[in-house]
Amino acid sequence: MPRSIPDRWIPYKACGKVIEGTRFICFKFSLLQTVQKGFDEIWDISTLLETIPNLSAVIDLTNTNRYYNPSEFRKAGVLHKKIYMPGRIIPPEEIVQEFMDTVDEFLGKDCVAIRVKRARLGTSTTESLIGVHCTHGLNRTGYMVCRYMRDKLGVNAKDAIHKFEIARGYKIERDNYIAHLMGNKPPPPDLGVSTNISAVLPSDHNNDQNSSSSKINRNAKSWRDEYLGDKEDGYETGRYVRNPNYRSSNKRRERSRSRTRSNRENYSRSNRNYRTDRDCPDSDRSYDYRHDY
Numbered sequence: 303m304p305r306s307i308p309d310r311w312i313p314y315k316a317c318g319k320v321i322e323g324t325r326f327i328c329f330k331f332s333l334l335q336t337v338q339k340g341f342d343e344i345w346d347i348s349t350l351l352e353t354i355p356n357l358s359a360v361i362d363l364t365n366t367n368r369y370y371n372p373s374e375f376r377k378a379g380v381l382h383k384k385i386y387m388p389g390r391i392i393p394p395e396e397i398v399q400e401f402m403d404t405v406d407e408f409l410g411k412d413c414v415a416i417r418v419k420r421a422r423l424g425t426s427t428t429e430s431l432i433g434v435h436c437t438h439g440l441n442r443t444g445y446m447v448c449r450y451m452r453d454k455l456g457v458n459a460k461d462a463i464h465k466f467e468i469a470r471g472y473k474i475e476r477d478n479y480i481a482h483l484m485g486n487k488p489p490p491p492d493l494g495v496s497t498n499i500s501a502v503l504p505s506d507h508n509n510d511q512n513s514s515s516s517k518i519n520r521n522a523k524s525w526r527d528e529y530l531g532d533k534e535d536g537y538e539t540g541r542y543v544r545n546p547n548y549r550s551s552n553k554r555r556e557r558s559r560s561r562t563r564s565n566r567e568n569y570s571r572s573n574r575n576y577r578t579d580r581d582c583p584d585s586d587r588s589y590d591y592r593h594d595y
């Protein structure tokens, strides 16, 4: 499938700052230079490594393999992990746990061997950072990073969101992600809803109620506060369905790998699959919605 520039990729700034109290740094994914012909600023892997010289690991949350070759990171001594995560919908806990385990593993591998290799390449050997990205380095990235901060670092959910948004420079745009992070019942995913980019300033979090810039057109006066009183968890209410790839049963593993793409697309669980790119390797769709990549 030809590589193209995803919707809204250009307007977002390429990279945020290190999130306060963590070793996370978040950015939009890098594209090949050949795709960025005529751009004033190039954001490819070499530029990323120059921008973050003490980057030791990258976690890719996009739902496709189309945009860059992870071997470029590994050649530079940077660890890389691919976690397929469709956009706009809350992921199963198995995917969240995989992310958390990967972060813990990468932090444990911040060892002498990596530092020596990066020193040989002439890069910084100061405290290493873990980079996380999805398409724009904002919504899926923000959800996962804030989950880690909340569940593993003991940071209050509201503070985690605040720190992430200040560091990345934009507000998380998905109501269901915010609600779920706050421990409330998530609204349905905003599939098909256009997204307005909203940069965030440090003062924005002190003036959320009166902010004149709206992230997405909403009817609620205070969309963040709308979910504070409802503690029902979307995972328990079945608002999303587990990916059959994560079932404990061996039945899935025993299926022939020669299953055709059409058969795999028709395979479903209750006719509603949490689909990832592993189910449709030549497609940039997930969960049968074209908005995810």
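Numbering-wise (our numbering), the sequence shown opens with residue 303 and increments by one.
Heads up, the beta-carbon is just placed ideally off N, CA and C, and yes, glycines get one too.
Should residue i be labelled buried (16 or more other beta-carbon atoms within 10 Å of its own) or exposed?
i      : result
Arg376 : exposed
Lys523 : Any reading at Lys523 must be qualified, since the residue scores a pLDDT of 34, below 50, and its modelled position is unreliable; no value is offered.
Asn365 : buried
Asn371 : exposed
Gly389 : buried
Asp406 : exposed
Gly379 : buried
Pro490 : exposed
Gly323 : exposed
Tyr410 : Here the sequence assigns Gly to residue 410, which means Tyr is not the residue at that position. Exposed, since its Cβ has fewer than 16 Cβ neighbours within 10 Å.
Lys454 : exposed
Pro313 : exposed
Phe466 : buried
Gly456 : exposed
Lys319 : exposed
Ile321 : buried
Ser572 : Residue placement at Ser572 is poorly supported in this model, since its pLDDT is 32, which falls under 50; the coordinates still yield a value, given next. Ser572 is exposed by the Cβ-count criterion.
Glu556 : Any reading at Glu556 needs caution, since the residue's pLDDT is 46, under 50, leaving its predicted position unreliable; the model's value is listed next. It is exposed - the Cβ of Glu556 has fewer than 16 other Cβ atoms within 10 Å.
Confirm, please, whether the CB-CB distance from residue j to residue i is below 8 Å.
i      : j      : result
Ile480 : Ile474 : yes
Leu431 : Tyr472 : no
Ile391 : Phe401 : no
Ile361 : Thr404 : yes
Gly433 : Phe329 : yes
Ala501 : Leu483 : no
Asn368 : Thr497 : This sequence places Arg at residue 368; Asn is not what is there. No, Cβ-Cβ distance for Arg368 and Thr497 is not below 8 Å.
Taking the alpha carbon of residue i as the reference point, which residue from the options has its own alpha carbon closest?
i      : options                        : result
Arg470 : Asp346, Leu493, Ile327         : Ile327
Tyr445 : Gly456, Leu351, Arg476         : Arg476
Phe408 : Val495, Cys317, Leu350, Arg325 : Arg325
Ile354 : Cys317, Glu374, Val398         : Cys317
Val398 : Glu374, Met451, Pro488         : Met451
Lys487 : Leu493, Val495, Asn478         : Asn478
His382 : Pro393, Ala359, Val447         : Ala359
What are the boundary residues of the alpha helix (DSSP H) that includes residue i?
i      : result
Lys460 : 459-470
Gly410 : 395-410
Ile480 : 477-483
Leu455 : Element bounds for Leu455: n/a, residue is neither H nor E.
Leu493 : Per DSSP, Leu493 belongs to no alpha helix (DSSP H) and is neither H nor E.
Thr353 : 347-353
Met376 : Checking the sequence, you will find Arg at residue 376 rather than Met. Element bounds for Arg376: 373-377.
Can you name the start and end residues of the beta strand (DSSP E) that residue i belongs to?
i      : result
Ala359 : 357-362
Ile432 : 431-435
Leu381 : 381-384
Val320 : 317-320
Ile327 : 326-329
On the premise that residue j lies in contact with residue i, defined as a C-beta separation below 8 Å, what is that separation, rounded to the nearest angstrom?
i      : j      : result
Cys436 : Leu363 : 4 Å
Arg449 : Met387 : About 12 Å; that fails the 8 Å criterion.
Using a Cβ-Cβ distance under 8 Å, would residue i count as near chain D?
i      : result
Ile468 : The chain inventory of the structure shown lacks chain D, comprising one protein chain alone.
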